[in-house]
Structures are given as structure tokens and as C-alpha cells.
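For the record, in the sequence shown the residue sitting at position 235 is 235 according to full-length UniProt numbering, with numbers rising by one throughout. See structure below.
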Amino acid sequence: MRADRGTGATTEEAQVWQAVRAQLRSLDSARSSSLAAYEKLLKAHADAKNIDALYDATEHAVHEEQKYIVGALEQLDVLLALRKASTGDVRRRKRKADDELDMDTKPKSDVKKSRSPAKQESSHVARIKSQLPLLRGRKVAFCQALRGDDTHEEEWIMATVISTIQGDKMRYIVQDAEDDTAHGPTWNTSIDSIVPLPVDLDSLPPAPYAVGTRVLALYPDTSCFYWATIQGGGPAMNGSVPRSKLVKRESELLTTPYRLMFYDDGADVKQVPAYLVVEHP
């Protein structure tokens with residue numbers, strides 16, 4: 001069984017709580033606009049020339065208010081899930097107890113079991129090139145080495161970048177994110193076996209993943225990543241919105257949840273924050 005998540009969950013909770021507060025501030029502003037529009041509508045005469053415009057303005061204001069209510073509730077759902085994972089004796093676990101695997105504390109070499117062809121790996125490097133080299137402390141999804149033959153499926157876990165290997169921005173030492181003690185397990189790996197998690201606006205995809213897109217996502221209440229299919233949600237990265245406004249909403253965008261259906265998990269739809277959903281290399 002894995003070690004407790006510790007301070008990592010606290011950081012995630014703080015990010016989500018900031019997003020909740022941002023939604024509530026926007027809700028307060030939207031509610032004021034909604035009430036103001038409603039008062040104007042009540043004071044207007046039925047035959048006023050601008051009555052249609054007043055109706056439209058009131059309807060728009062109400063829709064904005066509803067949008068922020070839904071957004072705040074979604075963020076609270078994410079926060080509750082994180083709190084559940086960080087309290088008590090919650091530990092990393094796979095979805096199937098009989099599929100658990102003990103980890104070797106010795107460093108392991110690069111992992112390429114059931115990996116994608118070289119062409120796709122080159123695309124992976126191209127997507128994250130602007131983020132390299134990855135800095136110490138950066139959280140990543142790491143393809144952990146598995147014992148046994150090459151028929152084993154990949155196992156992706158949450159890890160933390162410790163350093164580059166000899167200054168090479170394509171090779172790294174990573175450590176289990178759940179055991180960040182001096183003696184925690186580390187691995188030597190390459191960029192082909194890790195996917196950096198989004199930390200800011202620039203590291204998010206330019207547009208939310210489309211419905212049906214296959215992704216890697218952190219399964220709720222674990223620190224393991226699994227295949228999932230996008231069912232909806234995700235940050236609204238509208239190209240028409242000025243970058244300056246998006247930067248102000250950075251924390252909210254990172255924690256906006258996707259609705260996901262995990263493979264071999266039935267028809268259950270789960271919510272996972274955008275910064276814990278990535279493309280497979």
C-alpha cells in the first residue's frame with residue numbers, strides 16, 4: 001500500500017478553494033447585475049420601446065448567475081473529493097485490489113512497454129518542448145517500470161522531478177510524489193516516459209479536449225493515472241477571450257473539471273480537474 005499523499009493534497013485543495021472563491025466573487029457580481037436588470041424591467045412600462053431589450057438583458061443576467069452557481073458547485077465537488085482523499089488513512093490504490101504491484105525502491109531505466117510508436121513520441125516532445133527543461137519540483141505523470149514480460153500494460157503514477165540527468169533536458173530523475181522523503185524511491189527516465197502536468201495557462205492545451213478524446217487522468221482517490229474518455233467539461237479557453245483575462249482566471253481554468261469515463265470502470269462518469277488530465281505521449 002502507498003504512503004499518504006501528505007502536503008501534496010493540501011496544495012491541490014488550496015488551488016481548488018481559490019477557484020471556488022473566484023466563482024463566488026463572480027456570482028456576487030452577476031447577482032447584482034441580475035437584480036439591477038430585474039428592477040429596470042419592473043419599472044418599465046409595458047409599451048416601452050426598449051421593453052424587449054430589457055427582457056433580453058434580464059435573461060442574460062440570470063443565465064450568467066446560473067453559470068457561476070454551477071461552476072462553484074462543480075469546484076466544491078472536486079474539493080470534497082480531494083478532502084476525502086487527504087483525510088484519514090487514504091492511500092494510493094488501484095481500482096482492482098488484486099492488480100496491485102509493489103514498487104522497487106531501486107532506480108529503474110526508461111520504460112517502453114506497450115508504448116506508442118516513435119512518430120507519436122516525437123509529437124509528444126513537440127507538444128511540451130516549450131516547457132523543457134522541467135524544473136525541480138514539477139509534478140508529472142510517470143510511466144513506471146513493471147516486472148514481468150512485455151505483455152504488461154503501462155502503469156502511470158504521480159511523480160516529482162528531482163533533476164535533469166547530466167543537464168540533459170530530455171532525461172530526468174523522478175521521485176514517487178507520495179514518498180518525497182530523502183529515501184523515497186527514484187527512477188532514471190526520459191521525456192518519453194513522463195508527461196508534465198499543467199501548472200499555468202501556457203501548459204494547458206490551447207483548447208479543451210473534445211468529447212470522445214482519449215486521455216490519461218488521475219483516478220479519484222488514488223495517485224495513479226488511467227485511460228479515460230472525455231465526456232465534457234474542461235476549461236473554457238475561448239480564442240476570442242483576451243489573454244489578459246485568461247491569466248486572471250488561471251487558477252480557475254486549471255481546476256475546472258473534465259467529466260471522464262475511465263476504461264474498465266463501467267459507465268460511471270467522474271470529475272477530474274484539468275491539471276490532472278493530460279495527453280498520452
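Yeah, the Cβ is synthetic: ideal placement off N, Cα and C, and Gly gets one too. Here the structure is a predicted model, which means the values were calculated and not measured.
Next item on the list: Could you confirm whether any beta carbon from chain B is found closer than 8 Å to the beta carbon of LEU216?
Entry: This model lacks chain B altogether, as it is built from one protein chain only.
Next item on the list: Give the range of the alpha helix (DSSP H) segment to which ARG171 is assigned.
Entry: First-last for ARG171: 168 to 176, but that is the beta strand (DSSP E), not the alpha helix (DSSP H).
Notebook entry, point to check: Counting pairs of beta carbons, one from the region 261 to 271 and one from the region 216 to 230, are three or more of them closer than 8 Å?
Noted result: yes
Note to self: Going by C-alpha to C-alpha distance, which of LYS169, TRP187 and ALA37 sits closest to THR160?
What the structure shows: TRP187
Note to self: One question on the structure: do SER223 and PHE142 come within less than 8 Å of each other, judged by their Cβ atoms?
What the structure shows: no
Notebook entry, point to check: Within this structure, are the beta carbons of GLN175 and ILE162 separated by less than 8 Å?
Noted result: yes
Next item on the list: Identify the continuous beta strand (DSSP E) that holds THR186 and give its terminal residues.
Entry: 186 to 190
Checklist line | Span separating the alpha-carbon of SER26 from that of VAL20 | finding: 10 Å
Check: Do you know offhand how far ARG171's Cα is from SER190's?
Finding: 4 Å
Next item on the list: Whole angstroms is fine: what's the gap from SER34's alpha carbon to ASP221's?
Entry: 38 Å
Notebook entry, point to check: For LEU132, which residues from the same chain have a beta carbon less than 8 Å from its beta carbon, with the 5 sequence-adjacent residues on both sides left out?
Noted result: LYS169, MET170 and ILE191
Margin query: Short of 6 Å in beta carbon distance, which residues of its chain neighbour ALA57, apart from the five on each side in sequence? Order them along the chain.
Written below: ALA37
Check: Is the beta carbon of LEU218 less than 8 Å from the beta carbon of VAL269?
Finding: no
Check: Which of helix, strand or coil does DSSP assign to ALA182?
Finding: coil
Check: What are the start and end residues of the alpha helix (DSSP H) that includes ARG243?
Finding: 243 to 248
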